[in-house]
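J.: The sequence shown stops at residue 140 when you use full-length UniProt numbering, and every number in between is there.
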Amino acid sequence: MARCCESTTVPAIVKPPDTRKAVGIGGAVIGHGADHIIINDLMKAAAATSAAELIRAQDFIEGTLLSRFDNPAEGRVVMVAQRLHEMDPPGYHIEKGTYRHLNLPAIAETHERIPIGRGQFPERRPGDLLFPERLDRETL
Numbered sequence: 001m002a003r004c005c006e007s008t009t010v011p012a013i014v015k016p017p018d019t020r021k022a023v024g025i026g027g028a029v030i031g032h033g034a035d036h037i038i039i040n041d042l043m044k045a046a047a048a049t050s051a052a053e054l055i056r057a058q059d060f061i062e063g064t065l066l067s068r069f070d071n072p073a074e075g076r077v078v079m080v081a082q083r084l085h086e087m088d089p090p091g092y093h094i095e096k097g098t099y100r101h102l103n104l105p106a107i108a109e110t111h112e113r114i115p116i117g118r119g120q121f122p123e124r125r126p127g128d129l130l131f132p133e134r135l136d137r138e139t140l
């Protein structure tokens, strides 16, 4: 399997009740445990063309961030990112098959029921805007 950068927005390790630590690739997380890890736009677009940067990002996630779970069986990762390369961090994890992929285009392309947990499924129909208060149709 192929492997998958520099941080534009840093991943955050979230520790209830209200503790958070933000780090960039290569940042120290020693001594910090987590129940939830949020990875937000880990790579700059220019870095996605570099195999070395793709591997660096993947090594940081797999070797550093994911080792921080207090209870690995219960730990959760949320990755928010635009796709930059087929083997960028989201692509790598989708290919591994260990993550659920939720793709929310700014303009819905099909009818979809979005599983958001606790039995809730908001619906989107073709043409619906994801966040019309922020990005209207004209802007998109």
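Cβ coordinates follow ideal geometry from the N, Cα and C atoms, glycine included.
1. What separation, rounded to the nearest whole angstrom, lies between the Cα atoms of residue 7 and residue 33?
2. Please report the distance separating the alpha-carbon of residue 41 from that of residue 82.
3. If the criterion is Cβ atoms closer than 8 Å, does the pair residue 90 and residue 79 meet it?
4. What does a CB cutoff of less than 8 Å around residue 51 pick up in its chain, not counting 5 residues either side in sequence?
5. DSSP state of residue 96, grouped into three classes?
6. May I ask which residues mark the beginning and end of the beta strand (DSSP E) holding residue 56?
7. Work out the CA separation of residue 100 and residue 135 for me, nearest whole Å.
T.: Judging by the given coordinates:
1. Since pLDDT at residue 7 reaches only 44, below the 50 mark, its modelled position is unreliable, and no value is offered.
2. 7 Å
3. yes
4. none
5. helix
6. Here residue 56 belongs to no beta strand (DSSP E); instead the alpha helix (DSSP H) covers 51-59.
7. 26 Å
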